[in-house]
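*Asks:* Before anything else, here's the structure in question.
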Amino acid sequence: MKNAKTEFDSWQSISLSLYMAIVGYGVMVGIPVISTAWAGKLGFTAEQVGRVAGADLGGLSIGAIITALIISRMNRRHLVLIGIFLTIVANYLCTIYDHYEVVLWLRALSGVGNGIYTAVAVAALGATIKPTRAYNFMLFAFAFSQAMEVRVLPQLSMDGIYWFFIGCFLITLLFIQWIVPYKVDNHDNNTITSSKKETLIPVYILWLCMAAIFISYINIGAYWVYIELASLSYGISESWTGGVLFWASLLTLVGCVFAAFFSKKYGLVKPLIGAQLMMIVIVGMLVNGITSINLLVSVFMFNFLWIFNDVFQMSTVATIDNKGSFAALIVGAQGLGQIVGPNIAASILGAQYGYSGVFLMCALTTALSVLVYLFMYKRLSLYAPKILTNPA
């Protein structure tokens, strides 16, 4: 457990890391409107939209995995500069080329740079003395950034959307010196020290947590990419769908508040498992079709549970990961789920099973993540039971 402040707890490091996380996750939280833009402005089919979104978010995973492998040995400022360069170049080229095959690869390249950039930010927040609080702040800020994207991005041209993200990444360069370049760690790669008493936790427990996050994000990736397109296909008006997405994004604020309360009162296990079970119901309710009312309920609760779950998922990893490599890998697990989810959904649509098949898949993958979490927490309780009751 962390018990002494470090450079990562400075206001400069936390502020910049929060900004970078918001920018880095910008495509992920804004993917419903970006997907609609690809379909409406570039003429991509629903299946092609899933492939492009999967490439973008899959690149995020690849970049994060690369970062996790080298973050303990490489200057983090250099990593961020590489990530910014790749993302800006890819986004700029997207303003020149708009053919599906070219955009597919450019979005993958942008995702790789974005993954490197975002993983450094998430790892820095995880290195603070109170990672649960840091991640809660991050997800709290998402409510405003997501609401802004839902309102602003639809007003922009396709090129305007790309330039919007280019500008956000460029701002980081003004504060690059605020990034803590290295994190010193003396532990080996086979165990994680969880307290001053040197309780050693096998690394496979963290890998189980990564697997659960990955499976959870298969649901999130498929649902979030297709929810707007699915709603429009059922005849829901664009104005109603846009309004639901906007107001639902603000509900993440409530999710953060509830997560802070539940983490102190009930620890890690019960809130996360309970929220995941609720998620099964929320995405499954769309299997039989979408109406204005069940869209409202589903999207509102989805946003609440998404953020609520992320606080506990990320806090579990950060609390028992001293090196910071697994905290960086969180973004990789999320991104990997975000490439698998939309691509499975695209295949379901390509096979003519419709959006009902997509939402059924979302419910089933969430149920699988619950099983993995239960097994992971059972194993963790053997080594560090206090982590389960006091994640902060």
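In our numbering, the protein residues as written are 213 to 604.
For glycine and all other residues, C-beta sits at the position ideal for the given N, C-alpha and C.
Remember, predicted model here, so these are calculated numbers, not experimental data.
1. Using only the alpha-carbon positions, how far apart do A335 and G447 sit?
2. Would you call V235 buried or exposed, if buried means 16 or more other Cβ atoms sit within 10 Å of its Cβ?
3. In three-state terms, what does DSSP make of I341?
4. Determine the DSSP secondary structure at N401, reduced to helix, strand or coil.
5. Find the nearest neighbour of L298 within the set D268, F354, N500, judged by alpha-carbon distance.
6. Hey, G372 and G547 are a contact pair by Cβ (cut 8 Å); roughly how many whole angstroms apart?
7. Kindly confirm or deny that the segment 322-330 and the segment 289-309 touch, where touching means at least three C-beta pairs closer than 8 Å.
8. If you follow the alpha helix (DSSP H) that P483 is in, where does it begin and where does it stop?
9. Thinking F587 and L420 are a contact (beta carbons under 8 Å), I'd like their distance in whole angstroms, please.
10. Give the range of the beta strand (DSSP E) segment to which I391 is assigned.
11. Out of curiosity, what's the CA-to-CA distance linking Y567 and S510?
12. Buried or exposed, going by whether 16 or more other CB atoms sit within 10 Å of the CB of Y589?
13. Can you confirm whether the segment 552-570 touches the segment 343-350 when touching is taken to mean that 3 or more C-beta pairs between the two stretches lie within less than 8 Å?
14. Within 10 angstroms of the Cβ of N500, are there 16 or more other Cβ atoms? Answer buried if so, exposed if not.
15. Assuming contact is defined by CB atoms lying nearer than 8 Å, are G242 and Q367 in contact in what I supplied?
16. Let's test the definition: count the other Cβ atoms within 10 Å of the Cβ of Q525 and tell me whether it reaches 16, buried, or not, exposed.
17. Between the alpha carbons of L561 and L498, how many angstroms are there, rounded?
18. Cα separation between P603 and V523?
19. Measure the alpha-carbon distance for V245 versus A460 and round it to whole angstroms.
20. Would you decide whether S322 is buried or exposed? Buried here means 16 or more other CB atoms lie within 10 Å of its CB.
*Replies:* Quick look at the numbers:
1. Rounded to the nearest whole angstrom, the CA to CA distance from A335 to G447 is 42 Å.
2. By the neighbour-count rule (16 or more Cβ atoms within 10 Å), V235 is buried.
3. Per DSSP, reduced to three states, the secondary structure at I341 is coil, with no helix or strand assignment.
4. In this prediction, N401 scores a pLDDT of 48, lower than 50, which makes its location untrustworthy; the coordinate-derived value is nonetheless stated afterwards. In this structure, N401 counts as coil in the three-state DSSP scheme.
5. Nearest neighbour of L298 by Cα position, chosen from D268, F354, N500, turns out to be D268.
6. About 25 Å; that fails the 8 Å criterion.
7. A contact exists between the segment 322-330 and the segment 289-309.
8. Run containing P483: 481-496, per the alpha helix (DSSP H) assignment.
9. Confirmed, Cβ separation roughly 7 Å.
10. Here I391 belongs to no beta strand (DSSP E), and DSSP marks it neither H nor E.
11. Answer to the nearest angstrom: the Cα atoms are 14 Å apart.
12. Y589 is buried by the Cβ-count criterion.
13. Taking a contact to require three or more Cβ pairs closer than 8 Å, the segment 343-350 and the segment 552-570 do not qualify as touching.
14. Exposed, because fewer than 16 other Cβ atoms sit within 10 Å of the Cβ of N500.
15. Taking 8 Å as the Cβ cut-off, G242 and Q367 do not qualify as a contacting pair.
16. By the neighbour-count criterion, in which 16 or more other beta carbons inside 10 Å mark a residue as buried, Q525 falls on the buried side.
17. For L561 and L498, the distance between alpha carbons rounds to 15 Å.
18. Note that P603 scores 48 on pLDDT, short of 50, meaning its location in the model is unreliable and no value can be drawn from it.
19. Cα to Cα, the separation comes out at about 14 Å.
20. Label assigned to S322: buried.
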